[in-house]
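Chains as they are written, first to last, in the working numbering: chain A, 58 to 286; chain B, 58 to 286.
Protein chains: 2
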Amino acid sequence: MPEHENNFPTLSVEPVSIVDRVADELRRALFEGELEPGTALREVALAESLGVARSTVREALGLLVADGLADRIPNKGTAVHALDADDIRDVCHARLVLESSGIERWDQASEQARDEVRAALTEFNRLTAGTATSQEITAAHLAIHRALAGLNESPRLLGTADALYAEIRLALAGVDRARGNVREQAHAHGDLVRLLERGHIAEALTDLREHLAGAEQSLLETVPAVDAP
Amino acid sequence: MPEHENNFPTLSVEPVSIVDRVADELRRALFEGELEPGTALREVALAESLGVARSTVREALGLLVADGLADRIPNKGTAVHALDADDIRDVCHARLVLESSGIERWDQASEQARDEVRAALTEFNRLTAGTATSQEITAAHLAIHRALAGLNESPRLLGTADALYAEIRLALAGVDRARGNVREQAHAHGDLVRLLERGHIAEALTDLREHLAGAEQSLLETVPAVDAP
DNA sequence: ATTGACTGATTGTCGGACAATCTCAGTGTG
DNA sequence: CACACTGAGATTGTCCGACAATCAGTCAAT
Numbered sequence: 058m059p060e061h062e063n064n065f066p067t068l069s070v071e072p073v074s075i076v077d078r079v080a081d082e083l084r085r086a087l088f089e090g091e092l093e094p095g096t097a098l099r100e101v102a103l104a105e106s107l108g109v110a111r112s113t114v115r116e117a118l119g120l121l122v123a124d125g126l127a128d129r130i131p132n133k134g135t136a137v138h139a140l141d142a143d144d145i146r147d148v149c150h151a152r153l154v155l156e157s158s159g160i161e162r163w164d165q166a167s168e169q170a171r172d173e174v175r176a177a178l179t180e181f182n183r184l185t186a187g188t189a190t191s192q193e194i195t196a197a198h199l200a201i202h203r204a205l206a207g208l209n210e211s212p213r214l215l216g217t218a219d220a221l222y223a224e225i226r227l228a229l230a231g232v233d234r235a236r237g238n239v240r241e242q243a244h245a246h247g248d249l250v251r252l253l254e255r256g257h258i259a260e261a262l263t264d265l266r267e268h269l270a271g272a273e274q275s276l277l278e279t280v281p282a283v284d285a286p
Numbered sequence: 058m059p060e061h062e063n064n065f066p067t068l069s070v071e072p073v074s075i076v077d078r079v080a081d082e083l084r085r086a087l088f089e090g091e092l093e094p095g096t097a098l099r100e101v102a103l104a105e106s107l108g109v110a111r112s113t114v115r116e117a118l119g120l121l122v123a124d125g126l127a128d129r130i131p132n133k134g135t136a137v138h139a140l141d142a143d144d145i146r147d148v149c150h151a152r153l154v155l156e157s158s159g160i161e162r163w164d165q166a167s168e169q170a171r172d173e174v175r176a177a178l179t180e181f182n183r184l185t186a187g188t189a190t191s192q193e194i195t196a197a198h199l200a201i202h203r204a205l206a207g208l209n210e211s212p213r214l215l216g217t218a219d220a221l222y223a224e225i226r227l228a229l230a231g232v233d234r235a236r237g238n239v240r241e242q243a244h245a246h247g248d249l250v251r252l253l254e255r256g257h258i259a260e261a262l263t264d265l266r267e268h269l270a271g272a273e274q275s276l277l278e279t280v281p282a283v284d285a286p
C-alpha cells in the first residue's frame with residue numbers, strides 16, 4: 058500500500074490559532090462597522106479586552122495590515138484603514154481588470170467555475186426576494202463578482218480579488234443604506250450572466266464596465282468630502 | 058502656506074525596524090539561492106544566527122509568509138516556499154492577465170508610466186550589452202515586465218504583480234543558467250515596445266503571450282520532476 | 001504489523017521588562 | 001503674542017525567559 062494514501066478525503070481538522078481567532082474577530086468588527094475607519098487599534102487595550110497577550114494581538118494586527126485592512130505607522134501604531142477617493146478608484150479599476158479578464162475566459166473556464174457564477178447569482182436572487190440584512194445582500198452581491206474573478210481559475214488572482222472585496226466591505230461598513238436599486242442590480246447581474254451563457258462576451262464586458270462605474274460612483278459617496286484649498 | 062507640502066520629494070528618512078532588516082536579509086538569501094526551496098526556517102536558529110530575539114524573527118517570517126515567499130504550517134514551522142508545476146502555471150497566467158491589461162491601456166496610460174517601460178528596456182539593453190551578472194539581467198528583465206504591469210497605474214495591481222515577480226525570482230534562485238537566449242529576449246522586448254509605440258496593441262499582445270509561454274516553459278524546467286506512479 | 005508510550009525538538013502563547021519614539025500640554029523667552 | 005524648549009505620559013519596538021501543546025522519531029509490547 059502506498060504510504061500517503063488519503064482514505065478519508067472528507068475529513069480534516071484545521072487547528073485555529075489564537076492569533077487567527079483574534080484576527081477574525083477584528084475583521085468581523087471592521088465589517089460590521091463597530092470600528093470606524095481611522096480608529097486606532099491599541100495593542101495593550103485590545104490585549105486586555107480580548108484576554109490575550111500583547112504579542113498575540115500584535116501578530117493579528119500584522120495579518121490585518123498584510124490584508125490591507127489596517128495601516129501601521131512605525132512608532133505610531135495601527136489604525137483601521139481609511140479609504141480615500143484614490144483608493145476607491147484604484148480598487149474599482151483593479152476589480153474591473155480582474156473581473157473582465159475572468160469574463161473573457163468564460164468559454165475556456167471549467168464547468169465548475171461557471172457553476173460558481175450561476176450559484177452565486179441564484180443565491181443573490183434568493184436573498185433579494187426574501188427579507189435579508191443589507192449586510193447579507195452585500196455579501197451575496199460581492200460573491201457574484203468574486204465568482205467572476207474566479208473564472209480566471211488562478212488562486213493568486215482570486216486572492217487579490219478577495220483583498221479588494223475586503224476593502225470594499227470596509228468602505229461599506231456602517232453605511233448600510235438599504236439602497237432601493239437592489240432590484241435593479243439583480244436584473245443587471247441576471248442580464249450579465251445571460252449574456253455570458255449565450256456567448257455574448259463583448260456585451261457582457263460593457264455591461265460589467267457600466268455596472269462597476271455605478272458601483273464606483275456610490276462608493277465614492279461614502280468617502281468624506283475633503284476641504285478644497 | 059499649505060501645511061503638508063513636500064518641498065524635498067527626494068528626501069526621506071524611513072525608520073528601518075529590525076524586523077524589516079531581518080526580512081530583507083532573508084529575502085536576499087532566498088533570491089541568491091543560499092536557502093533552497095523547502096529549507097526549514099527555524100526560529101531559534103535564525104534568532105541566534107542573526108543576533109536578534111526569536112519574536113523578531115517570528116514577525117519577519119510572518120512578512121515572508123504574507124509575501125508568499127515562505128509557507129508556515131501550524132505547529133510545524135516555516136519553510137522556504139517551493140513552487141510546483143501548478144504554481145508556475147498560475148504565476149505565469151496571472152502575469153499574463155496583469156501585463157496584458159497594462160498593454161491594452163498603453164494609450165490611456167500617463168506619459169510617466171510609458172517612460173518607465175522605455176527606461177526599463179534601455180536599462181535592460183545596457184546590461185545585456187556589457188558584462189552583467191545573470192542575477193542583474195534577470196532583475197532588469199523582470200523590471201520591464203513590472204513596468205508593463207505598471208501601465209495599469211494601479212498600486213494594488215502593481216503590488217500583486219510584485220508578489221508574482223518575487224515568486225519567479227524565487228524559482229530562478231540558484232538556477233542561474235546564463236541562457237544564451239538573452240539576445241533573443243532583448244530583441245523580443247525591443248519589438249514589443251516598438252509595437253506599442255506605433256499603436257499596434259493587438260500585435261503587442263500576441264507578442265507578450267508568446268514570450269510568456271516561453272518563459273513558463275523554461276520556468277517549468279526548474280521544478281523537480283515528480284515520480285509517476 | 002499495529003499500537004502505545006516515551007523523548008527531544010519546535011512552535012504558540014504568555015508575561016514582564018526596558019529603551020526609543022511620539023504627543024501634547026506647559027513653560028519660559030523674546 | 002509668537003516661538004522654541006522641556007518634560008511627563010503614552011505607545012510601540014525589541015528583548016528575555018518561561019511553559020504548554022504539538023510534532024517526529026524510537027522503541028517496547030501486543
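Ideal Cβ placement from N, Cα and C applies to all residues, glycine included.
Bear in mind the structure is a predicted one, so any value in this text is a computation, not a measurement.
Through-space distance from residue j to residue i, alpha-carbon basis
i: B/ALA204; j: B/ASP147; result: 20 angstroms
i: B/VAL179; j: B/THR195; result: In the sequence as displayed, the identity of residue 179 of chain B is Thr instead of Val. About 14 angstroms.
i: A/ALA170; j: B/GLU105; result: 48 angstroms
i: B/ARG213; j: B/ASP219; result: 10 angstroms
i: A/GLY90; j: A/VAL101; result: 21 angstroms
i: A/LEU229; j: B/SER191; result: 48 angstroms
i: A/PRO72; j: A/GLU161; result: 38 angstroms
i: A/ASP164; j: A/LEU103; result: 49 angstroms
i: B/ALA245; j: B/ASN209; result: 21 angstroms
i: B/ARG78; j: B/LEU92; result: 17 angstroms
i: A/ARG266; j: B/PHE181; result: 36 angstroms
i: A/ALA285; j: A/THR185; result: Note that A/ALA285 has pLDDT 36, beneath the 50 cutoff, so the model's placement of it is unreliable and no number is given.
i: A/GLY108; j: A/VAL174; result: 41 angstroms
i: A/ARG99; j: B/LEU83; result: 29 angstroms
i: A/SER211; j: A/ILE258; result: 20 angstroms
i: A/GLU254; j: A/SER167; result: 13 angstroms
i: A/ALA9; j: B/THR188; result: The structure shown does not extend to residue 9 of chain A, since chain A is modelled only from 58 through 286, so no value can be given for it.
i: A/ASP143; j: A/ARG183; result: 34 angstroms
i: B/LEU87; j: B/GLN274; result: 22 angstroms
i: A/GLY362; j: A/ASP172; result: This structure cannot speak to residue 362 of chain A, because chain A is shown only from 58 to 286.
i: B/LEU153; j: A/VAL154; result: 12 angstroms
i: B/GLY159; j: A/ALA197; result: 30 angstroms
i: B/ILE225; j: A/ARG85; result: 34 angstroms
i: A/GLN242; j: A/GLU193; result: 15 angstroms
i: B/LYS133; j: A/VAL70; result: 15 angstroms
i: B/GLU260; j: A/LEU221; result: 31 angstroms
Exposure label - residue i; buried when at least 16 CB within 10 Å
i: A/GLY125; result: buried
i: B/ASN63; result: Only weak support is given to the placement of B/ASN63: the predicted model assigns it a pLDDT of 47, under 50, and the value that follows is read from those uncertain coordinates. Counting Cβ neighbours within 10 Å, B/ASN63 comes out exposed, since fewer than 16 surround it.
i: B/PRO131; result: exposed
i: B/THR217; result: buried
i: A/LEU68; result: exposed
i: A/ASP264; result: buried
i: A/GLY256; result: exposed
i: B/GLY95; result: exposed
i: A/SER74; result: exposed
Check whether residue i and residue j have beta carbons under 7 angstroms apart
i: B/SER157; j: B/LEU262; result: yes
i: B/VAL232; j: B/ASP141; result: no
i: A/VAL76; j: A/THR135; result: no
i: B/HIS138; j: B/ALA151; result: no
i: B/ARG115; j: B/VAL122; result: no
i: A/LEU206; j: A/LEU199; result: Correcting the residue type first, residue 206 of chain A is Ala in the shown sequence and not Leu. No.
i: A/LEU249; j: A/CYS149; result: no
i: B/LEU277; j: B/ILE145; result: yes
i: B/PRO117; j: B/ALA80; result: Per the sequence shown, residue 117 of chain B should be read as Ala rather than Pro. In this structure, B/ALA80 lies closer than 7 angstroms to B/ALA117 by Cβ.
i: B/ALA177; j: B/ILE201; result: yes
i: B/GLY119; j: A/GLY119; result: yes
Range covered by the alpha helix (DSSP H) that runs through residue i
i: B/ALA136; result: Not the alpha helix (DSSP H): B/ALA136 falls in the beta strand (DSSP E), residues 134-137.
i: B/THR195; result: 191-207
i: A/HIS150; result: 142-161
i: A/PRO109; result: It is Val, not Pro, that sits at residue 109 of chain A in the sequence shown. Element bounds for A/VAL109: n/a, residue is neither H nor E.
i: A/VAL70; result: No alpha helix (DSSP H) contains A/VAL70, which DSSP labels as neither H nor E.
i: A/HIS268; result: 258-277
i: B/GLY216; result: 212-229
i: A/THR185; result: 168-186
i: B/LEU87; result: 75-88
Start and end residues, beta strand (DSSP E) containing residue i
i: A/ASP128; result: 127-130
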